Each structure stands twice: as structure tokens, then as C-alpha cells.
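Below: one structure, written as C-alpha cells.
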Amino acid sequence: MQSRYLTLTVPKSDEQGNSRRARRYLSPPNPDVYPDPDPKACYSLILPAHCCLSVTWSPSHAGPAKGDLRFGKSGRKMSGGWNTIESDAGVFTFLLNNLGAKDVQFEELLTLEPEALAALHPVYGVIFLFKYPTDAPYAATDKPLDGTFDHEASERIFFAAQTIQNACGTQALLSVLLNKDEEGGDSGTGIDIGKPLREFREFTMVLPPEFRGETLSNSELIRDVHNSFAKSSPFVDETQRTSGEPEDAFHFIAYTPINGTLYELDGLQPAPISHGACATDEFPAKVMDVLQRRIARYDMSEIRFNLMAMVRDLRVRAREIGDAEALEREEQKRRDWQYENALRRHNFVGFAGAVLKGVVENKLAEGGDAAYQKWIEEAKARTIQRLESKRKGGGGGGDVEMEG
Numbered sequence: 023m024q025s026r027y028l029t030l031t032v033p034k035s036d037e038q039g040n041s042r043r044a045r046r047y048l049s050p051p052n053p054d055v056y057p058d059p060d061p062k063a064c065y066s067l068i069l070p071a072h073c074c075l076s077v078t079w080s081p082s083h084a085g086p087a088k089g090d091l092r093f094g095k096s097g098r099k100m101s102g103g104w105n106t107i108e109s110d111a112g113v114f115t116f117l118l119n120n121l122g123a124k125d126v127q128f129e130e131l132l133t134l135e136p137e138a139l140a141a142l143h144p145v146y147g148v149i150f151l152f153k154y155p156t157d158a159p160y161a162a163t164d165k166p167l168d169g170t171f172d173h174e175a176s177e178r179i180f181f182a183a184q185t186i187q188n189a190c191g192t193q194a195l196l197s198v199l200l201n202k203d204e205e206g207g208d209s210g211t212g213i214d215i216g217k218p219l220r221e222f223r224e225f226t227m228v229l230p231p232e233f234r235g236e237t238l239s240n241s242e243l244i245r246d247v248h249n250s251f252a253k254s255s256p257f258v259d260e261t262q263r264t265s266g267e268p269e270d271a272f273h274f275i276a277y278t279p280i281n282g283t284l285y286e287l288d289g290l291q292p293a294p295i296s297h298g299a300c301a302t303d304e305f306p307a308k309v310m311d312v313l314q315r316r317i318a319r320y321d322m323s324e325i326r327f328n329l330m331a332m333v334r335d336l337r338v339r340a341r342e343i344g345d346a347e348a349l350e351r352e353e354q355k356r357r358d359w360q361y362e363n364a365l366r367r368h369n370f371v372g373f374a375g376a377v378l379k380g381v382v383e384n385k386l387a388e389g390g391d392a393a394y395q396k397w398i399e400e401a402k403a404r405t406i407q408r409l410e411s412k413r414k415g416g417g418g419g420g421d422v423e424m425e426g
């Protein structure tokens with residue numbers, strides 16, 4: 023394997039006070055540039071308690087991949103240029119493809135029956151979207167609500183702490199994908215994730231989970247692909263920021279079998295969560311049991327959940343068995359997804375303006391200024407009624423808001 027290099031930029035500081043120790047693999051005694059650290063060396067770096075650390079990764083082209091460590095006052099971590107994306111199989115499938123993964127897709131599941139998931143074999147993992155609970159503690163340091171923390175697993179598998187808002191969908195996707203890397207992807211249990219993501223994984227696996235999350239958040243490659251699937255938002259609704267009313271927040275997590283264990287990978291938890299032994303063919307039944315227990319903790323009126331499975335490209339299987347009808351069905355599904363993704367990204371302001379102009383002209387032609395003013399007042403009344411109804415019923419928000 024080609025050596026990777028990490029450039030460390032550590033500014034001098036006269037700050038006094040408490041310190042915290044950044045975990046291993048960060049600063050050897052002298053050189054600013056060094057090859058992959060010896061796993062037995064466990065280098066460390068002392069940081070002032072008020073500082074935060076960010077790691078930036080860029081793919082290696084002519085030269086080595088590089089990282090940059092930057093210090094600054096800790097505080098709320100904002101979206102950092104990451105936009106909210108929709109929990110949709112078409113969005114996540116093309117996100118996978120644009121990141122470089124081959125012969126893999128997402129399928130939405132409308133039932134928690136294990137048979138529905140098993141029918142999609144091979145299944146690499148699932149991504150679960152749920153309402154983030156604000157009325158009870160979520161992340162614990164000693165024991166999760168279900169399963170057990172496996173801190174040692176962070177050394178063997180890709181697990182990253184979520185350090186930024188709006189990135190949890192793509193982070194959940196990568197939590198499955200980067201634990202299934204197999205160049206070529208021929209065995210049915212692995213995925214060819216492509217060179218850029220393979221280099222990213224190699225670079226980050228020598229870092230602790232906190233810095234893996236920072237590296238992910240600062241990756242221009244991953245962020246740009248993620249944002250390419252965000253809805254076009256030409257206007258900013260200031261009322262959403264000034265009303266002071268809390269919005270519901272939603273969060274993505276991943277479940278995947280790794281080396282005979284069912285893991286829950288949640289960037290808001292301190293470590294991977296083990297749900298016990300799990301062979302690949304046992305995954306559909308065991309993960310559905312875990313999800314059933316999780317959903318049971320919510321009020322029975324809560325139905326805002328979404329479950330998607332990462333599976334082998336269904337077109338590949340259709341070609342292998344010679345099922346022309348299934349192949350055409352899957353090809354049509356891809357065309358539909360591509361069209362829907364284009365609509366999500368399109369800015370319809372010009373179109374809406376032209377339509378509104380035509381409607382106004384028609385109203386004026388029908389009844390003059392009086393009819394036009396009456397129409398305006400009726401529209402205002404309906405808008406006020408809708409806003410009042412939304413205020414009483416509550417509205418949906420985005421990903422979980424992260425705090426440093």
C-alpha cells in the first residue's frame with residue numbers, strides 16, 4: 023500500500039489552563055511531515071481545553087493525500103456548507119454512484135418483515151431515519167438504551183463521530199459503505215467503493231473517531247456530492263429563524279453486519295454499538311428485531327420513520343438470471359430517479375414568476391382591479407390560516423443540530 027502523509031500545522035499558543043489529550047497518531051517528536059505512524063507508537067498532542075481541532079483530507083493525485091490540523095475557539099458547529107438532503111432511495115443511490123461506488127443501490131422498505139429485506143440479498147446494511155428525541159437523553163457514555171458499546175471496534179471498523187449538522191445522512195451511508203470495501207466487489211459480500219473513497223478510508227483509519235468525523239465534514243469531494251442532491255432553496259424564510267418555536271429534528275443511523283457482529287453505527291454515540299453475533303444471512307431477522315425495539319420506545323402516534331437497505335444493484339442480478347422484465351423495470355426506476363433528482367435541483371423561480379404573471383393578467387382581464395383585490399385578500403386569509411394551523415400542529419426540521 024502506498025504510504026500516506028499527514029501535514030500537521032500546530033500554531034503556538036500562550037494560553038494557560040486545562041488541557042485535554044488528543045488520542046493517538048497525531049504528533050511525532052519533531053518532523054512536520056511523516057509517513058503512516060507505527061500503530062504501537064501511540065503519539066499524542068496536548069490541546070488547550072477551549073480549542074477544537076479540524077482535519078482536512080484531499081484525494082491524492084500527483085502527490086500524497088494531506089491533512090491539516092487547525093485550532094480555534096470551540097463552540098456550536100454549524101452546517102459548514104452541508105445542506106439537508108431527502109431520505110429517498112433515488113437520492114442515496116445516485117449519491118453512492120457519484121462517490122465512485124460500483125454495482126450498489128438503495129431500496130426503500132415499507133415493512134419491518136425480515137422476508138422483505140432478505141428478498142433483496144445480498145444486503146450490505148440498512149439506514150434508518152427517525153425523529154430525534156428532545157425530551158430524554160440520547161447519547162450516553164456508559165451504556166446505550168439497547169446493545170452494548172464496543173469501544174475497541176473503532177480500531178477495526180470505520181466509525182466516525184458526527185461533528186457537523188446536516189451531514190448525518192451521508193455519514194450513515196458511509197458507515198455501511200466504508201465497512202464493505204472490496205476492490206472488485208466480486209464475492210457478493212463486499213463492494214468496490216472506488217479509488218477516492220478507498221484513499222479516504224485508508225487516510226482516516228489511523229485517526230480516532232472524532233477526527234474521522236472532522237475529516238469527513240471537511241472533505242470537499244464528499245460535501246460537493248452530498249450538496250448536489252440538496253433541494254434548490256433560492257429564498258430564506260426568516261420566520262423559521264426568528265419564531266423561537268422548536269422544530270422537529272431527524273437523524274440517520276446505520277446498521278450493518280461486520281465480522282460476525284451486528285453493529286449500530288451512530289455518529290452521536292461515543293462508540294459502535296454491538297447487538298450481538300450476526301452472520302450475514304441472519305442480518306434481516308436480527309436487524310428487524312432491533313428496529314422493532316427502537317420504534318417501540320416512541321409514542322404510538324409517531325409514524326415518521328424511514329428505512330432503506332443498501333443492496334447489490336438489482337440490475338446486475340436481473341442480467342445474471344436473464345430476467346428481461348425485471349431488468350427493464352429496474353432501468354425505468356433509474357430513469358425515474360434521475361428525473362426526480364433533476365427536479366430537486368432545479369430552480370423554479372423563473373417558472374413560478376411567469377405563471378404568477380399570467381394568473382394576474384387573467385384576473386385583471388376577468389373583472390378588473392376590484393376582482394384582483396378580492397382575489398388577493400382571499401389568498402392572504404388562506405395563507406394566514408395555513409400558517410396558524412402549522413404553528414399549532416408543529417413542523418418538521420432537518421438533521422440533528424450539533425453542539426460543540
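Using our numbering, read the sequence shown as starting at 23 and increasing by one per residue. Just so you know, even glycine gets a beta-carbon here, dropped at the ideal spot from N, CA and C. Note that this is a predicted model, so its numbers are computed, not measured.
Which residues mark the beginning and the end of the alpha helix (DSSP H) in which residue i is found?
i    : result
F305 : 305 to 318
L134 : Looking at the DSSP string, L134 is not in any alpha helix (DSSP H), and its letter there is neither H nor E.
R351 : 346 to 367
N19  : Given that the chain is displayed from residue 23 to residue 426, the structure contains no residue 19 and the question cannot be resolved.
G174 : Before going further, note that residue 174 is Glu rather than Gly in the sequence given. Premise fails: E174 is in no alpha helix (DSSP H) and is neither H nor E.
S323 : Note, S323: premise wrong, no alpha helix (DSSP H); not H, not E.
E204 : Counting along the chain, E204 falls outside any alpha helix (DSSP H), and DSSP gives it neither H nor E.
A194 : 190 to 199
G282 : From DSSP, G282 is part of no alpha helix (DSSP H); its letter is neither H nor E.
R220 : 217 to 226
G235 : 231 to 239
Between the Cα of residue i and the Cα atoms of the options, which residue gives the shortest distance?
i    : options                : result
R366 : F251, G380, R315, E304 : F251
A276 : A401, D391, M310       : M310
D335 : D168, E108, Y146, P166 : Y146
R315 : F222, V381, G169       : G169
H248 : E399, L118, V148       : L118
F327 : T106, I149, F128       : I149
L287 : Y320, T192, E224       : T192
K153 : Q407, Q291, T226, D321 : D321
T156 : S323, F116, F272, E130 : F272
L329 : L134, V312, N363, N384 : L134
N281 : N201, A293, A318       : N201
F171 : A194, G289, A393       : G289
L132 : H143, A293, P144, A111 : A111
L151 : F114, H143, R220       : F114
L196 : A293, R319, R223       : R223
M332 : L199, H173, C190       : L199
I179 : C190, F274, A293, E130 : A293
S190 : E174, R357, F274, H173 : The sequence shown places Cys at residue 190, not Ser. Minimum Cα distance to C190 is reached at F274.
P159 : P144, A194, R319       : R319
V382 : G372, W397, T226       : W397
Hey, residue i and residue j are a contact pair by Cβ (cut 8 Å); roughly how many whole angstroms apart?
i    : j    : result
K124 : G235 : Not quite, the Cβ-Cβ distance comes to about 26 Å (not below 8 Å), so this is no contact.
I186 : W104 : 6 Å
T106 : N188 : 5 Å
N363 : F128 : Not really, about 13 Å apart at Cβ, beyond 8 Å.
R337 : E353 : 7 Å
C300 : L313 : With 8 Å as the limit, C300 and L313 do not qualify as a contact, their Cβ atoms being about 14 Å apart.
P166 : I317 : Not quite, the Cβ-Cβ distance comes to about 16 Å (not below 8 Å), so this is no contact.
R220 : D203 : 6 Å
Closer than 6 Å by C-beta to residue i: which residues in its own chain qualify, once you throw out the five before and the five after it? Chain order, please.
i    : result
P231 : S176, F181, A182, A183
P61  : Low confidence applies to P61: its pLDDT is 39, below 50, so where it sits in the model is not reliable, and the reading given next is rough at best. If we look at P61 and ignore the five residues flanking it on each side, it has no Cβ neighbours.
R408 : none
Y394 : K385, L386
I406 : none
T226 : R234, T237
Since residue i is in the beta strand (DSSP E), which residue starts that stretch and which ends it?
i    : result
N105 : Segment: none, N105 is in no beta strand (DSSP E) and carries neither H nor E.
K153 : 145 to 153
V333 : 328 to 334
G289 : Unbroken run through G289: none, as it is neither H nor E.
G298 : 295 to 299
So, at 8 Å on beta carbons, what are the nonlocal neighbours of residue i in its own chain, with the 5 sequence-adjacent residues on each side left out?
i    : result
P218 : P81, L121, G122, L243
E108 : F251, K253, R366
G380 : none
Leaving out five residues on either side along the sequence, give the residues of the same chain with a beta carbon under 7 Å from the beta carbon of residue i.
i    : result
N52  : For N52, the pLDDT reaches just 36, beneath the cut-off of 50, and the residue's location in the model is therefore unreliable, leaving the point undetermined.
E410 : none
G375 : none
I343 : none
**Study point:** Given 8 Å, three or more beta-carbon pairs between the stretch 288 to 307 and the stretch 138 to 153
**Key:** yes
Exercise for review: State whether the stretch 236 to 243 contacts the stretch 346 to 354, with contact taken as three or more CB pairs (one from each stretch) at a distance under 8 Å.
Suggested key: no
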